[in-house]
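Going down the list, the sequences are from chains X and A.
Yeah, the first sequence ends on 344 if you go by the working numbering, and it's all consecutive.
Yeah, the second sequence ends on 344 if you go by the working numbering, and it's all consecutive.
The C-beta atom is built at its ideal place from N, Cα and C for all residues, glycine as well.
Before any comments, here is the structure.
Protein chains: 2
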Amino acid sequence: MPDTDRSGGAPIALDAMGGDHAPHEIVAGAVEAVRDRGLRIVLVGAPRPLYEALAAHGATGEIPIVRAEEALAMDEGALASLRRPRSSIAVACHLVRRGDASAVVSAGSTAGIVATARLRLRGQQNVLRPAIAVALPTLPHPTLLLDAGANAETKPEMLLQFGHLGVAYAETALGLEQPTVGLLTIGSEPEKGNKVVKRAHELLRAAPGLDFKGNVEGHDLLAGVVDVVVTDGFTGNVALKTMEGAVRYAFGELRSSIEAGRLSRLGALLQRQKMRRLARRLDPEAYGGAVLLGLNGTVVIAHGASRAKGVAAACALAASVAAGSTVARIGERIANSHRLHRLW
Amino acid sequence: MPDTDRSGGAPIALDAMGGDHAPHEIVAGAVEAVRDRGLRIVLVGAPRPLYEALAAHGATGEIPIVRAEEALAMDEGALASLRRPRSSIAVACHLVRRGDASAVVSAGSTAGIVATARLRLRGQQNVLRPAIAVALPTLPHPTLLLDAGANAETKPEMLLQFGHLGVAYAETALGLEQPTVGLLTIGSEPEKGNKVVKRAHELLRAAPGLDFKGNVEGHDLLAGVVDVVVTDGFTGNVALKTMEGAVRYAFGELRSSIEAGRLSRLGALLQRQKMRRLARRLDPEAYGGAVLLGLNGTVVIAHGASRAKGVAAACALAASVAAGSTVARIGERIANSHRLHRLW
């Protein structure tokens, strides 16, 4: 079964060298994931600093270490992954490939993780490109946005497949039945958008097995109108970062507006706790990170600035995705879609 | 001087038939613009309903009406503008072309306005494509984002020109000296983005007369890091709507979070006024609308859902852009850039 994840009960391979606060916060996150969440973790990286960091938590011997002497720097992109076959992220992928780990988690550079994972884990059969899926904090359940940045150039057929990847993920990891799909563009009418999007609209509309609801726009992303929003990695990445910036801006404006007043200072005190709770829900750290879909193995990309809490959340996400057999479901969906396509 | 606006002191031609609340709210906005802001307005549309609406405000004879029997429906796109040479927006453009009006304001469908204005006013010499510029509510002065949706497909040379259009607008309408320019993409390094963006980065970096600060990302849009942000109309439109949706979402979440609590209800009361004031600053109606740059005349696109207040704000924006000679400044910038380009 080349298209399935062969490593159900295995531990999570955590790239201990990737991220702005590696290795200390990564190790702290591993300790939290093991002790508080009951997960099994393998740390991948340079043994000496990892031993020391574990010792600082009194966790020597509690979490195994797999040696990787090299690491990708945060500013190293796709090419570095070819030059460094023994980087911590490459070794982590290798563990998944061998079945010794159930998933990879890294807070390293997104471009480096995507390139390394594509090279080491390979794409699932007939999957044109992997895509990064991000869970947006809508209620009652998250809205998936993909691709959030794995591919800067996209063909219409890839956007169609992103629909299948997202639906498989929504079914397996979020437990949704018959998830709905929307295409991100600049108007609700089918003819709105650029050439790639217009063709993708036709493909999505004609696709059996997808509950395609048509076009969605930027203001729909946090409105929960569909379960899965499909877009190219350029637009998706801009939209995601715009959203983060706008939410931060709105809270910042509100805070300074509140602090500027006299009477309202009392109000601010009463509300501080509420605002903190809300900010947590909107905090990317809290829900763990993005998932790279379409490869022969589960890969979770944690925020580069992740601290222990974010790393532990990313490990929990990876464990639930791996347990949910998302990789297998994607394999089935793409195989069906491919078969139907060849029949036409 | 074919590239300049020939109609300095003339009134503003207001398309009275465009918008979700036309003609009543448009006429109400015209009355507000004339009475409260001292602007000169000409209403363009079907005379009978406009007379009636004016009469309802006791403003019969106060604002002239120019007859246009047809109107573009909100769901009519670019093609309708060709089929309707006597639509209210077409007649409004004609008034500007003849020098009988200083600017066009419409709350009609963006696609219809852009197509009609391109056809009737024509692009300025050597301008490849007009672009929609939107002022984002950053402090101490707005950040311009363009193109916010006039062109779904863009070439690198167009993005370079958008830089010049935006800078000319920032200089003349916002009064900024040597405005800075950024290119919206998915990473700060020059090589981040799709092919069009990477080439545009090179062109912008090499352009004399542009203070190009390099790439910006989605989270920079409301951070005020540059004065002018250049992007294609697809990405710009998605980013703008995403931003609006995210700000609305953040306030909505905060409101329900506040209302859910007991103690915090008191806080909510104390802060209601602050929040209202802030919401007003973020309200697209308050700052009037988007400006279509690169044509032989000033065109302001008001929000389709504009009510009187938004219409009046759009008229005020149009008057200030027309008075600031943005069209002439764009003509100079494009001519210089074109001349230099030919010398190479």
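With respect to residue 331/A, residue 104/A sits apart: the two C-beta atoms are not nearer than 8 Å. Taking a Cβ-Cβ threshold of 8 Å, none of the residues of chain X is close to residue 213/A; the smallest such distance is about 17 Å. Closer than 7 Å at the C-beta level to chain X, one finds no residue of the stretch 113-124 of chain A. Within the model, the alpha-carbon separation for residue 43/A versus residue 301/A is close to 15 Å. At a cut-off of 4 residues, the continuous stretches assigned as alpha helix (DSSP H) that sit fully inside the stretch 25-87 of chain X are 47-56 and 78-83.
Contact annotation: residue 220/X and residue 108/X have beta-carbon atoms that are not nearer than 8 Å. Beta-bridge pairing by DSSP links residue 215/X to 183/X.
With contacts defined as CB atoms closer than 8 Å, residue 172/X and residue 337/X fail to qualify as a contacting pair.
Counting every other CB atom within 10 Å of its CB across the protein chains shown gives residue 72/X a total of 16 or more, marking it as buried. Comparing C-alpha distances from residue 231/X to each of 339/X, 144/X and 303/X shows the shortest one belongs to 144/X. Per the Cβ contact rule, the stretch 178-190 of chain A is not in contact with the stretch 122-142 of chain A (fewer than 3 Cβ pairs under 8 Å).
Secondary structure remark: continuous alpha helix (DSSP H) runs of at least 4 residues inside the stretch 85-117 of chain X, in chain order: 88-98. Excluding residues up to 5 positions away in sequence, 130 and 295 lie with their Cβ nearer than 8 Å to the Cβ of residue 118/X in the same chain. By the neighbour-count definition (other C-beta atoms within 10 Å, threshold 16), residue 192/A is a buried residue. Contact with chain X is found for residue 238/A, since one of that chain's Cβ atoms lies less than 8 Å from the residue's Cβ. Of the residues assessed, residue 60/X falls on the exposed side of the cut-off, its CB having fewer than 16 other CB atoms within 10 angstroms.
Proximity to residue 160/X across 122/X, 39/X and 126/X peaks at 126/X, based on C-alpha coordinates. Here the C-alpha atom of residue 290/X lies approximately 53 Å from the C-alpha atom of residue 101/A. For residue 141/X, no CB of chain A lies under 8 Å from its own CB, so it is not counted at the interface with that chain. Taken through DSSP and simplified to helix, strand or coil, residue 310/X comes out as helix. Taken in chain order, the unbroken stretches of alpha helix (DSSP H) that lie wholly in the stretch 127-211 of chain X and span 4 residues or more are 156-172 and 195-206. The beta carbon of residue 193/X sits closer than 8 Å to some beta carbon of chain A. Around residue 219/X, the beta-carbon contacts reaching into chain A at under 8 Å are 241, 242, 244, 245 and 248.
For residue 64/X, the number of other beta carbons within 10 angstroms of its own is below 16, and it is reported as exposed.
One thing to note: residue 207/X has its Cβ within 8 Å of the Cβ of residue 163/X. Here residue 211/A is near residue 180/A, since their CB atoms are less than 8 Å apart. Note that the C-beta distance between residue 215/X and residue 190/X is below 8 Å. 67/X is the residue among 67/X, 38/X and 319/X whose C-alpha sits nearest the C-alpha of residue 51/X. Under the Cβ distance rule, residue 153/A counts among the residues neighbouring chain X, one pair being separated by less than 8 Å. Sorting 12/X, 197/X, 81/X and 245/X by C-alpha distance to the C-alpha of residue 229/X places 197/X at the top. Around the Cβ of residue 177/A, a 10 Å sphere holds fewer than 16 other Cβ atoms; the residue is exposed. Annotated as proximal: residue 239/X and residue 239/A, with beta-carbon spacing under 8 Å. Rounded to the nearest whole angstrom, the CA to CA distance from residue 128/X to residue 158/X is 6 Å. DSSP, read as helix, strand or coil, puts residue 224/X in coil.
Counting the other CB atoms within 10 Å of its CB gives residue 79/X a total below 16, which places it among the exposed residues.
For residue 298/X, the uninterrupted beta strand (DSSP E) segment begins and ends at 298-301.
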